[in-house]
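Here the structure comes first, spelled out in structure tokens, and everything after it is commentary.
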Amino acid sequence: MARHTQHFENAITRLKKMIHSLGAHVEENVTAAVRSIINRDAALGTRIIESDNTIDNMEVELEEECLKVLALYQPVANDLRLIVALLKINNDLERIGDLAVNMAERAVFLADQGGVSIPKEFPLMAEKTQWMLKNALDSLVNLDPVLARRVCAMDDEVDELNRKMFEAFENQLNRGPDKLRPMLELLSAARYLERVADHATNICEDVIYLIGGEIVRHRKEALIIPLNQAKKEEGQKKG
């Protein structure tokens, strides 16, 4: 029995390392995709597009490992919850990787489009989205429900900035219809950022589920709780 337990613990350790590695790759691609748009860097955008197969392969390998652990060890209770959460987070990370590619494709197009300024809302939106993704991954690594809830609370701010991008689009469009296609591409990039933020929120919801078994999906009131209550939860976890 002890040997079986040791094999299982080794398998869990491997899964955690795999999800952390995937998260790091995805976060790096999102950061680079934003930079490629803001700097009109087509070469960087192309490199992100070409790197997508790496993320896809990592996602498939992690899913296969999770299923193997389920079949071999038939985990229950907290261990089962961990595997389920990792499978869901794995899928969210792969989707974020795809969104980084989508943004990189917009960057390649925009690199040749002069005379179209990037609305100030875009870099601010990018900054908040990247903060959400980084801290969603940190909440997973550290099993931090307080941080997870803070990330969820940021999602509304990203949504609001996405709406403001449409207002900026209207202002630029009034200056000339020749700006239509580039602005549509920028709006698409903003929409992809908004979806990255949604996936970061999903990750945090799964972290909360992993820690306490609470399903908060579709229950906003269960996510955005007073910070002192969240700190109480954190204290109970550490205790």
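In this note's numbering, the protein residues as written are 74 to 312.
Ideal Cβ positions, reconstructed from N, Cα and C, are used throughout, including at glycine.
Backbone CA spacing between ASN151 and ALA270 [nearest angstrom] = Sequence index remark: in the sequence shown, residue 151 carries index 78 (1-based). Sequence index remark: in the sequence shown, residue 270 carries index 197 (1-based). Their backbone Cα atoms lie some 27 Å apart in a straight line.
Can you tell me which of ALA158, VAL224, ARG222, LEU259 puts its alpha carbon nearest to the alpha carbon of GLY286?
-> For the purposes of this step, residue 286 is taken as the residue at position 213 of the sequence shown. That would be ALA158, whose Cα lies nearest to the Cα of GLY286.
Is the Cβ-Cβ distance between ASN163 and LEU95 less than 8 Å?
-> Walking along the sequence shown from the start, residue 163 turns up at place 90. Walking along the sequence shown from the start, residue 95 turns up at place 22. In contact: ASN163 and LEU95 (Cβ atoms closer than 8 Å).
Cα separation between CYS225 and ASP211?
-> The residue labelled residue 225 in the question sits at position 152 within the sequence shown. The residue labelled residue 211 in the question sits at position 138 within the sequence shown. Rounded to the nearest angstrom, the two C-alpha atoms are 13 Å apart.
Return helix, strand or coil for GLN79, following the three-state DSSP convention.
-> As a working note, residue 79 is residue 6 in the sequence shown. Looking at GLN79 - three-state DSSP - the assignment turns out to be helix.
Give the straight-line distance between the Cα atoms of THR119 and VAL181, rounded to the nearest whole angstrom.
-> As a working note, residue 119 is residue 46 in the sequence shown. As a working note, residue 181 is residue 108 in the sequence shown. Linking THR119 to VAL181 through their CA atoms gives a straight-line distance of about 7 Å.
C-beta contact flag for SER109 and ALA177 at 8 Å | Taking the sequence shown and counting its residues from 1, one reaches residue 109 at position 36. Taking the sequence shown and counting its residues from 1, one reaches residue 177 at position 104. Taking C-beta atoms as the reference points, SER109 and ALA177 count as a pair closer than 8 Å.
Could you tell me how far apart the beta carbons of VAL42 and LEU259 are, in whole angstroms, since I believe they sit closer than 8 Å?
-> In the structure displayed, the chain extends from 74 to 312; residue 42 sits before or after that span and is not available.
Unbroken alpha helix (DSSP H) run spanning SER124, endpoints = As a working mapping, residue 124 is identified with position 51 in the sequence shown. Counted as a single uninterrupted DSSP element, the stretch harbouring SER124 is not any alpha helix (DSSP H), since DSSP gives it neither H nor E.
Got a sec? Which residues, its chain only, sit under 6 Å from THR202 by beta carbon, not counting five neighbours each side?
-> Position 129 of the sequence shown, counted from the start, is the residue given in the question as residue 202. Cβ neighbours of THR202 beyond the five flanking positions: VAL231, LEU266, VAL269, ALA270.
Taking all protein chains shown into account, decide if ALA97 is buried (16 or more other Cβ within 10 angstroms of its Cβ) or exposed.
-> Along the sequence shown, read from residue 1 onward, the residue named residue 97 stands at position 24. Around the CB of ALA97, fewer than 16 other CB atoms lie within 10 Å, so the residue is classed as exposed.
From VAL219, ASP229, LEU234, PRO192, residue whose alpha carbon lies closest to that of PHE242 | Working through the sequence shown from its first residue, we reach residue 242 at position 169. If we check each option's Cα against that of PHE242, PRO192 comes out closest.
Count the other C-beta atoms from every protein chain shown that fall within 10 angstroms of the C-beta of GLU278, then say buried if there are 16 or more, exposed otherwise.
-> As a first step, residue 278 must be located in the sequence shown, where it is residue number 205. With 16 or more other Cβ atoms within 10 Å, it is buried.
Span of the alpha helix (DSSP H) around GLY285 = The residue labelled residue 285 in the question sits at position 212 within the sequence shown. Here the alpha helix (DSSP H) through GLY285 covers 253-285.
To which residues of the same chain is LEU117 closer than 8 Å at the C-beta, ignoring the five residues directly before and after it?
-> Here residue 117 corresponds to residue number 44 of the sequence shown, with the count starting at 1. Taken in chain order, the residues that qualify are ALA105, ARG108, SER109, ALA177, ALA180.
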